[in-house]
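Protein chains: 4
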Amino acid sequence: MVGGGQGAFIGGVHRIAARIDGEFQLVAGALSSDAARSRASGAELGLDPERCYASFADMAKAEAMRADGIEAVAIVTPNHVHYPAAKAFLDAGIHVICDKPLTSSLADAKKLAAAAKKSGVLFVLTHNYTGYPMIRQAREMVAKGMLGDLRVVQAEYPQDWLTEAVEATGSKQAAWRTDPKQSGAGGATGDIGTHAYNLARFVTGLELDSLAADLSAFVPGRQLDDNAHVMLRFKPQGKAPGAKGMLWASQVAPGNENALKLRVYGTKGGLEWEQEHPNHLWFTPFGQEKRLITRGGAGAGASAARVSRIPAGHPEGYLEGFATIYAEAARAIKALRRKGGKVPRDVVFPTVDDGVEGVAFVEACVKSSKKNGAWTKL
Amino acid sequence: MVGGGQGAFIGGVHRIAARIDGEFQLVAGALSSDAARSRASGAELGLDPERCYASFADMAKAEAMRADGIEAVAIVTPNHVHYPAAKAFLDAGIHVICDKPLTSSLADAKKLAAAAKKSGVLFVLTHNYTGYPMIRQAREMVAKGMLGDLRVVQAEYPQDWLTEAVEATGSKQAAWRTDPKQSGAGGATGDIGTHAYNLARFVTGLELDSLAADLSAFVPGRQLDDNAHVMLRFKPQGKAPGAKGMLWASQVAPGNENALKLRVYGTKGGLEWEQEHPNHLWFTPFGQEKRLITRGGAGAGASAARVSRIPAGHPEGYLEGFATIYAEAARAIKALRRKGGKVPRDVVFPTVDDGVEGVAFVEACVKSSKKNGAWTKL
Amino acid sequence: MVGGGQGAFIGGVHRIAARIDGEFQLVAGALSSDAARSRASGAELGLDPERCYASFADMAKAEAMRADGIEAVAIVTPNHVHYPAAKAFLDAGIHVICDKPLTSSLADAKKLAAAAKKSGVLFVLTHNYTGYPMIRQAREMVAKGMLGDLRVVQAEYPQDWLTEAVEATGSKQAAWRTDPKQSGAGGATGDIGTHAYNLARFVTGLELDSLAADLSAFVPGRQLDDNAHVMLRFKPQGKAPGAKGMLWASQVAPGNENALKLRVYGTKGGLEWEQEHPNHLWFTPFGQEKRLITRGGAGAGASAARVSRIPAGHPEGYLEGFATIYAEAARAIKALRRKGGKVPRDVVFPTVDDGVEGVAFVEACVKSSKKNGAWTKL
Amino acid sequence: MVGGGQGAFIGGVHRIAARIDGEFQLVAGALSSDAARSRASGAELGLDPERCYASFADMAKAEAMRADGIEAVAIVTPNHVHYPAAKAFLDAGIHVICDKPLTSSLADAKKLAAAAKKSGVLFVLTHNYTGYPMIRQAREMVAKGMLGDLRVVQAEYPQDWLTEAVEATGSKQAAWRTDPKQSGAGGATGDIGTHAYNLARFVTGLELDSLAADLSAFVPGRQLDDNAHVMLRFKPQGKAPGAKGMLWASQVAPGNENALKLRVYGTKGGLEWEQEHPNHLWFTPFGQEKRLITRGGAGAGASAARVSRIPAGHPEGYLEGFATIYAEAARAIKALRRKGGKVPRDVVFPTVDDGVEGVAFVEACVKSSKKNGAWTKL
């Protein structure tokens, strides 16, 4: 693991997610850019001190040389470190599991994609919400044509934790997320807008044509957007015209904790899903009653079942969804271990290409907003 | 009543709404532009045949001459008739209660506003959602500063009844709403978008600076928009910067019946309300738990109480909200009956000016959309 | 109207309900047992002073003699007055619309039923919740066998307004409801338990065999129960064994306003309904997804449609449900006006027999509870 | 681990739960009473073949002798095996983590409690719902007096998976649960009623005085109850009178997956919680608005925080709640490793005594029901 030392948030989440299905073991880390903190953090996690590295570069080099070296690395640092860290491990032939957004700039993202392709190893991007069973279910239903031609996609991701200037009062999580040097050009767009965008793409399969964005930094002194209003135009689906959409990402909406929501409407039906109630998916075939499809319940199909662990009515949550990305990575890695092995078709996870598109989305939002909301291609 | 004959929808709603508080009696009508249908409809409603008129012009003239002539008229026709009909009654010195949108063009709207001002009688526009107690409550809370400076306003009004081309298969309600001659330039924008816009304005008190719209007519052959995506920029509130907003109106979103929803977020808190559960208002003071304010329950104040009829937990609905507009009109009319009487300050209803603004909103949406979503002043 | 003067609650509800569908006009009243208050209340409501009576006895006598005398009376007094008032009007050949519970004792109830039968006029009991469209829908679905043989019936009606001893601090509504002389033997059981019981009976059509009750008066000094726990055993349905049920009525459950809820489960499916969201009915055919049936939406049938006024998504509430009882009464009265006329089959309202059963339920609860919860026949 | 081989359900849940916080490693098992299946199951889980035992007796003996023997065992068999298996490990001085209900008879339960006390090792009963953060929160709020004196406790646990006779058509899970030899005297009461009862006890701290039960086996041929209606009387709380309650457990309620719900009402407020939305707790201080307390959000206190892993709005679910029981066990075991170590006060988990009470509850229900619902002491 790179990053995720004392005081971090998402590193701990990755560690639990990796443990849930019992497929990974944490054995080495460059847990902090501060060498002492890295060691201390490693000790806390029971790592062999020898494998607590002072830097990701040292770690990549050393682990690549060990007979029992790591098979995969999890990169859980602030955004600007993703590129150099991931590149080091790709170059060392080690599978990479990397947090989102892919990088802090589109230029880095493209270079990383090239490096990933060249490396021949796996690149797994933890857009964790794609791991929820009901998101897999929604994707399957759209793919099967149960919604008909898509027309409208409404994605939103409001939060409230940055309503006040907590970056100025000691919140480490807030500080790096509102710092362009560490986060890149997008604030709310990069931190959560990119999740909402990825989810919309994952479920619908639609490709974006262009967007028009109006970004705001409402909190005085904040350098990056904390509220993003975006209109979306998708490319035509075969003969059908392109769908339209809206995306709202906000960190200043009091009363919203992590209220990612996706609604998709087509000629034959509509789907609605909320992250805070992830085991429920609402489906309305046009002209019929609204139906509640539950994880494990009637109406839930194969793609939900294969990423589900327990029966209907026993809520699986955020950590399980996150764990599914790790489980898919494990399945892919196992397949690749075999000579001539390929990643099976039903193993699904976001890749470096999704990451490039996510960063492109953020930069297009920023560009459009600077041009007073002009329609901007991705 | 003008309009509201056999086969109509909103006319019956107005009649119930007018009866609920017992302040109005229906005594005359030009219930249809077809004289025979007008008579038949009048007979069904028990009207004196002498007061079932063949046209609104006849009615305005005749009723103005009668000693027992009507005090107020309700105009419930398709949009394009609002202007001439309302003008006739205003000119006759009869109070007008008119359905929304005010007219089918901004030019007509402005002329009507001038006529209303000149007439000295009341003009009440039935933006009925402003009659809901919890909307009054929300407005009071914003006005009291309980949300602080406003930042984000999310309004949406999805429906699904025009998902297919029902205007082509005999639905009278669909036919006139999708016909530019009867509806004006806006489809979903005029029919429901204008409600959502009015509600946002009513609750927040914010004035719109400009908007950027992307309108679609998804159903093949449809002449007016059936889906509207709009970004909003409000004017600064004193020293505070302007709020931003989004508005989504759709008639092609399967699974949505009449899902008007308003969310308002400020520096100190957030409010959320849904028309289909109108007795509930969610309030989150920033940093505290979300609270459920119910009509008649703890936390509900004076402005909700004065338009509420029954105790908490006994749901009041759409008809009661609509009736409140009539009740406010009755209070205003009674006040004006007295010599030198004025409409009391706490009597609140949408007026002809709100109507002008509503039509301006529709036309600005159409204009912006034609200019590829360019920001457009109201 | 008898009762419903200044300071009353349910009288105003009846008046609105009677107006909503425009079938009744209030022309006379004995609005209070205090003659001066009766006159003052009548004046407020615009009644002819001559028809503001000092007592129900006077009113029944005088109205029966008038050529334009009332066709029907609404009795909206505390429970103990129902019997003598209703009897007076029945004896005078005037249709009676009476609030629930029917009387304050089973003996009175039985006498009243006999008087009603003898009179030949209508007796309509305002168990208003039977007027909700989705309750009609639920009843139709059970009757059609869509749930199969019924097994479990869970009814509950929690409130919180009597959590403290408000009867001791000036609440008129609380005072008579907690006074055995005015209410009868049951507190929460009579005031709301009887509604829940009636609703369960109305929807399921099941007959009760016996009950076991545990009643409590939690508030110190309170003479009547404010919380009732009841287990129910229904009679066999043909060859199928009897269903079982639970009923909970409480006036001391903080956080509950008027939370009447009914759940019915059978061999083939389940239904769930809540009074505070009356336009929604949840139906799960066993082995399939849960479905949301909305008033006016897909899946709602004829029996809901005939008591519904506006389209799906426009919430109808408590007053509309109440108005349906009046509308049904009006249909029945109109039918009876015709020579040899009979009440049509599809006109449905609670009658004096339902009232007798309701009082029997209350007395059985009290009896069972006194016998330490022994199973007691109705 | 004892039990949990191929085809089992709860064993896999225990394994994930044990992994989530990284405190346990599975190293040995008697995974099935069938030796071959035990070996095959062990191989699948990567166990050393030498430590895949043919019986729990062998395992207890062998592991106790190893220097690297297990510190704790998880017993996840059908109910009737809990007693002999647990006893074998207690006698061997190995900590026991055991699924609920404790045993299939009260006699066994009492013997096991005695054995546990004598052993000096830990006995952790996986009443997993006590591990949910909002249940800890609710318990803290009751203990702090935020609800005042308790009056009413409503517990329910409906499911629908046994609506038809699936035990007759190959469901292993259904077969043992409906077999008195494997389950004991209670069906729904033992399988889920005991969870609901335990939860009510855990949150309220109230002790049960007596109960009156009406049990049914609705599905023809079923030997154990599949629906339980129970009235509860709790012992006085100091000077305050005893609270009353109802408990409903059902496996034949279509539309209910795992709908455990607890509502508690006192003189000062009410709490409501549903297992299928475990991150939410509704709290109404009497006379104020209802509040939504979320895991990690405002209003959530220390006892929720210490068993919570991720921020508010990121749902934790069933597995995390279950994992908390394991995490508490790990904390206790670590404390006991130290010389003279004691389990810290804030480490909370259900024990063998809760297990005895749970079995006593089941047997009291059966006894009361056989006596036609007579009030029965625990």
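Chains as they are written, first to last, in the numbering used here: chain A, 1 to 378; chain B, 379 to 756; chain C, 757 to 1134; chain D, 1135 to 1512. Where a beta carbon is used, it is the ideal one built from N, C-alpha and C, also for glycine. Since this is a predicted model, take the numbers as computed values, not measurements.
Under 7 Å by beta carbon: chain A residues contacting residue i
i             : result
residue 632/B : 265, 269, 270, 284, 286
Residue i at chain A interface by Cβ criterion, 9 Å
i              : result
residue 1409/D : yes
residue 1304/D : no
residue 1391/D : yes
Strand pairing of residue i, partner residues [DSSP]
i              : result
residue 365/A  : None, per the DSSP bridge assignment.
residue 1257/D : 1230/D
residue 582/B  : Its beta-bridge partners do not exist; DSSP assigns none.
residue 1368/D : 1342/D
residue 376/A  : 211/A
residue 32/A   : In DSSP, residue 32/A forms no bridge with anything.
residue 758/C  : 786/C, 831/C
residue 1350/D : 1361/D
C-beta neighbour in chain D for residue i, strict 9 Å
i             : result
residue 940/C : no
residue 676/B : yes
residue 13/A  : yes
residue 314/A : yes
residue 58/A  : no
residue 9/A   : yes
Listed by chain order, chain C residues near residue i by CB distance under 9 Å
i              : result
residue 387/A  : The structure shown does not extend to residue 387/A, since chain A is modelled only from 1 through 378, so no value can be given for it.
residue 1507/D : 968, 987, 1129, 1130, 1131
residue 1323/D : Within 9 Å Cβ-Cβ: nothing; residue 1323/D doesn't reach chain C, min ~14 Å.
Cβ-heavy atom distance, residue i to the ligand FAD, below 8 Å
i              : result
residue 1022/C : Absence of the ligand FAD is noted for the structure shown, with no ligands found whatsoever.
Chain C contact for residue i (CB, 9 Å cutoff)
i              : result
residue 611/B  : no
residue 1375/D : yes
Below-9 Å beta-carbon distance, residue i vs any chain B residue
i             : result
residue 176/A : no
residue 145/A : no
residue 163/A : yes
Amino acids of chain A, ordered along the chain, whose beta-carbon sits closer than 9 Å to that of residue i
i              : result
residue 530/B  : 158, 216, 218, 227, 229, 248, 250, 252, 253
residue 1451/D : 278, 279, 310, 314, 315, 316, 317, 318, 319, 320
Within chain D, partners of residue i - CB distance below 9 Å
i            : result
residue 22/A : 1149, 1150, 1153, 1160, 1179, 1180
Neighbour list for residue i in chain D, Cβ cutoff strictly below 8 Å
i              : result
residue 1000/C : 1348, 1350, 1361, 1363
Compile a chain-ordered list of the residues in the region 956-974 of chain C whose CB is closer than 8 Å to at least one CB of chain E. Protein chains A, B, C and D are contained in the structure displayed, whereas chain E is not.
Complete runs of the alpha helix (DSSP H) confined to the region 135-197 of chain A [at least 4 residues]: 172-177, 180-183
Are there three or more Cβ pairs, one per stretch, closer than 8 Å when the region 656-663 of chain B is compared with the region 575-587 of chain B? no
Could you tell me which whole beta strand (DSSP E) segments of length 3 or greater appear in the region 1378-1443 of chain D? 1378-1384, 1395-1400, 1403-1408, 1414-1419, 1424-1428
Quick check: the region 1232-1241 of chain D against the region 1204-1217 of chain D, are at least 3 beta-carbon pairs closer than 8 Å? yes
So, do the region 45-64 of chain A and the region 309-323 of chain A have three or more beta carbon pairs nearer to each other than 8 Å? no
Would you call the region 1144-1156 of chain D and the region 1091-1102 of chain C touching, i.e. three or more CB-CB distances under 8 Å? no
Count the C-beta pairs between the region 522-533 of chain B and the region 609-617 of chain B that are closer than 8 Å, then say yes if the count reaches three, no if not. yes
If contact is defined by three or more beta carbon pairs under 8 Å, each pair taking one atom from either stretch, is the region 1319-1331 of chain D in contact with the region 923-934 of chain C? no
Is the number of C-beta pairs between the region 532-546 of chain B and the region 516-524 of chain B that are closer than 8 Å three or more? no
Three or more C-beta pairs closer than 8 Å, one from the region 406-417 of chain B and one from the region 242-256 of chain A: is that the case here? no
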